[in-house]
Amino acid sequence: MLEVALAHRFGTTGFAIDAAFTAPTPGVTAVFGPSGCGKSTLLSAVAGLLQPRSGRVALDGTVLLDTAASQMVPPEKRRCGVVFQDSRLFPHLSVETNLRYGLRRAPRGAEGPGMEEVIALLGIAPLLPRRPAALSGGERQRVALGRALLSRPRILLMDEPLASLDAPRRAEVLPFLARVRERFRLPILYVTHALDEVDRLADHLVLMEAGRVLAAGPLEDLSARTDLPLLAARRDAGAVLACTLLDHDPARGLSRLGFAGGDLRVPLREEPVGTPLRMRVRARDVSVATAEPGGLSVQNILPATLESIEPAAAHEAMLRLRIGGAVLLSRVTADAVARLALQPGQPLWALVKSAAFAPAAPEAGTRGAEGFPQSTP
Amino acid sequence: MFLTPEEWQAVRLSLSVALRSVAFGLPPAVLAAWLLARGRFPGRALLDALVHLPLVLPPVVVGWLLLVTFGLRGPVGTLLNDWFGIRLVFTTAGASLATAVMSFPLIVRAVRLSLDAVDPGLEEAARSLGAGALDRFVTVTLPLIAPGILSGAITAFAAGLGEFGAVITFASNIPGETQTLPLAIYSATQTPGGEATAAKLAAISFTLAVTGLLLAEFAGRRLSVLLGRASR
Chain A
16 MLEVALAHRF
26 GTTGFAIDAA
36 FTAPTPGVTA
46 VFGPSGCGKS
56 TLLSAVAGLL
66 QPRSGRVALD
76 GTVLLDTAAS
86 QMVPPEKRRC
96 GVVFQDSRLF
106 PHLSVETNLR
116 YGLRRAPRGA
126 EGPGMEEVIA
136 LLGIAPLLPR
146 RPAALSGGER
156 QRVALGRALL
166 SRPRILLMDE
176 PLASLDAPRR
186 AEVLPFLARV
196 RERFRLPILY
206 VTHALDEVDR
216 LADHLVLMEA
226 GRVLAAGPLE
236 DLSARTDLPL
246 LAARRDAGAV
256 LACTLLDHDP
266 ARGLSRLGFA
276 GGDLRVPLRE
286 EPVGTPLRMR
296 VRARDVSVAT
306 AEPGGLSVQN
316 ILPATLESIE
326 PAAAHEAMLR
336 LRIGGAVLLS
346 RVTADAVARL
356 ALQPGQPLWA
366 LVKSAAFAPA
376 APEAGTRGAE
386 GFPQSTP
Chain B
-7 MFLTPEEWQA
3 VRLSLSVALR
13 SVAFGLPPAV
23 LAAWLLARGR
33 FPGRALLDAL
43 VHLPLVLPPV
53 VVGWLLLVTF
63 GLRGPVGTLL
73 NDWFGIRLVF
83 TTAGASLATA
93 VMSFPLIVRA
103 VRLSLDAVDP
113 GLEEAARSLG
123 AGALDRFVTV
133 TLPLIAPGIL
143 SGAITAFAAG
153 LGEFGAVITF
163 ASNIPGETQT
173 LPLAIYSATQ
183 TPGGEATAAK
193 LAAISFTLAV
203 TGLLLAEFAG
213 RRLSVLLGRA
223 SR
């Protein structure tokens, strides 16, 4: 378990951060929030590069910082592999020497992946003799990731590793992050303000705003909450469902996914049957009906119970729908709520278009309702 | 060349004094530059002023201060003489010390400029990868400031060849001991019929200075390319 509790203030009247959370290990914990919410400061404090005025950081029982006990493990002894937004590769060293920098300084007996494995996993073999100045942004981040991995860290800290890249470069690097997540049983703290990175990588989510933690918990739970404006007010808000690929129907061009509340039909996917997938069902793609509808193109018609109605944007409402063991969110107009006289507790039918789910190609786009392959936890 | 043995001696002595001044001045200059660029301690402004003093003080005053401090009756001079039997005044070592003090700010400025250009984030990255303070300095900071160190050292060497005021005040004008090029030129101009000697030595002085400057420029640029900091 990763335990973090920090209080810090820059200067006497500057930005203040007062945040605490715990996260399960191993697993990916995403710290998500708008720019300037203090999420990078939090990561620096975990790495030890910033000393907070007070706080405690412990990883799997090892105390890294405890100001109450005047304990502070210096960053060079913390074994936190940091991937910075601006890569920070050493410009005077070749890619290979950069990769070996942390490996050479790792404590003897520390376990971790070897040079060949990391180079193969990140596809950086052709880059080895080059200097960082001769690399593209995406290549630099892959090398930086490899350098951090090879320092045999106890935890990987990533500070918006994709934020300085353009969309094509992001799409190039993201699968490598997913591979690292699957291959190594390393705790990862991942700071980002991009929701698609959260969907793809995170198991656990810490929501931050203005230096404080708004909520922390499993991604599926937080995504289904309507009381978190940071998530619910977004146009791409929606519940994230943990699904398993049940079967393929190539003739109809559909695949069937099982989740805690039933089945979902989505455009044909490429992964083998049994693959765990995580699907974000955008609230704006979910409609409701008071009676079971017929004659519709919509593939997914699920019996649901209306749990709550929250006001959303102007003239809109967010419905929370219970479907068996799962929850879906639905964004409807305030007029629809009035017209159908919707009441909490009322039985409804939830309608989700299959076409609302992006096609299966993993790199097809970075926005919207996408399912990403996932390793079994 | 058509130089007399005495003139050759002045040239050799100049080179030796300048070389020694750089060799001994470089490590403390790099340390001072690092303290000024990265350190946060009380008295930093004072150190900054002290380092730059030789740039603004008349060289004769610097020589006089050295004489007062390192002279046979000065506080440091007495100690050096009593404990180690080292005498600095009127010696080649003394001339080197005076030259080192005068060129000290030149090296500090060059090194500090290149230190300011090094992203502290790189040192943080090295730290997160397990590198201790000395390790970080040697493997990351030092290679990245090498162009600054080299060009600072060459500039200091070229300037050291011509140091006059501080040397003549502190170490006097003794042929074969402390009479460097500029002192020899000065002596020649004071001697009837010494114009030819003065002109020859001045030409050598000029050549050495220009070569030094060009070398500093070239070396700094080559090294930057080698270190991957500039493209070409």
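Protein sequences appear in the order of chains A and B. FYI, the numbering for the first sequence is 16 to 392, going by my numbering. FYI, the numbering for the second sequence is -7 to 224, going by my numbering. Where a beta carbon is used, it is the ideal one built from N, C-alpha and C, also for glycine.
From the beta-carbon of A:E91, the residues of chain B found nearer than 7 Å are R119, G122, A123 and G124.
According to the DSSP secondary-structure assignment, A:D33 is paired through a beta bridge with A:A22. For A:L64, the residues of chain B that pass the 8 Å Cβ criterion are E116, R119 and S120, in the order they occur in the chain.
Contiguous alpha helix (DSSP H) elements confined to the stretch 147 to 187 of chain A occur at 152 to 165, taking only those with 4 or more residues. A Cβ-Cβ distance of about 7 Å is found for the pair A:A365 and A:S345, placing them in contact under the 8 Å criterion. For A:H107, a Cβ of chain B is located within less than 7 Å of the residue's own Cβ.
Close to B:P135, with beta-carbon spacing below 7 Å, are these residues of chain A in chain order: H107. Using a Cβ distance threshold of 7 Å, B:V43 and B:P(-3) do not count as a contacting pair. The way I'd put it, the stretch 58 to 68 of chain B does touch the stretch 155 to 162 of chain B; three or more beta-carbon pairs between them come closer than 8 Å. For A:G117, a Cβ of chain B is located within less than 7 Å of the residue's own Cβ.
In the three-state DSSP reduction, A:I338 falls in the strand class (E or B).
In the three-state reduction of the DSSP assignment, A:M130 falls in the helix class. Listed in chain order, the beta strand (DSSP E) elements of length 3 or more contained wholly in the stretch 12 to 58 of chain B amount to none.
DSSP links B:S164 through a beta bridge to no other residue. The beta carbon of B:L47 lies closer than 7 Å to those of P97 in the same chain, with the five residues before and after it left out.
When beta bridges are read from the DSSP output, A:M223 appears opposite A:V228.
Taking a contact to require three or more Cβ pairs closer than 8 Å, the stretch 130 to 146 of chain B and the stretch 99 to 106 of chain B qualify as touching.
Across the set A:A83, A:G276, A:L165 and A:S50, the C-alpha of A:G276 shows the shortest separation from the C-alpha of A:G339. Cβ contact annotation for B:D40 (same chain, cutoff 7 Å, sequence separation greater than five): L28, in chain order. Looking at A:R169, A:R162 and A:S50, the one whose alpha-carbon comes closest to that of A:E132 is A:R162. In the three-state reduction of the DSSP assignment, B:A2 falls in the helix class, which pools H, G and I. Of all C-beta pairs linking the stretch 53 to 65 of chain A to the stretch 112 to 121 of chain B, three or more are shorter than 8 Å, placing the two stretches in contact. Using a CB distance cut-off of 7 Å, B:G113 counts as an interface residue toward chain A. A:M130 and B:G17 have their C-alpha atoms roughly 42 Å apart. Within chain A, no C-beta atom comes less than 7 Å from the C-beta of B:V22; the nearest is roughly 17 Å away. Between A:S69 and A:R337, the alpha-carbon positions lie close to 42 Å from each other.
The C-beta of A:R120 comes closer than 7 Å to at least one C-beta of chain B.
The way I'd put it, the stretch 181 to 194 of chain A does touch the stretch 150 to 170 of chain A; three or more beta-carbon pairs between them come closer than 8 Å.
Proximity of chain A to B:V132 at the Cβ level (cut-off 7 Å) is accounted for by F105, in chain order. Rounded to whole angstroms, the gap between the alpha carbons of B:R65 and B:F156 is 23 Å. Residue pairing for A:F47: DSSP places it in a beta bridge opposite A:T207 and A:L222. Just measuring C-alpha positions, the residue of B:V217, B:G185, B:A211 and B:G152 sitting nearest B:S197 is B:G152.
Between A:A257 and A:E235, the CB-CB gap stays under 7 Å. Proximity of chain B to A:S166 at the Cβ level (cut-off 9 Å) is accounted for by S120, L121 and G122, in chain order.
The beta-bridge partner set that DSSP reports for A:E331 consists of A:T348. Distance check between A:D81 and each of A:F105, A:L136 and A:L21 places A:L21 closest, using alpha-carbon atoms only.
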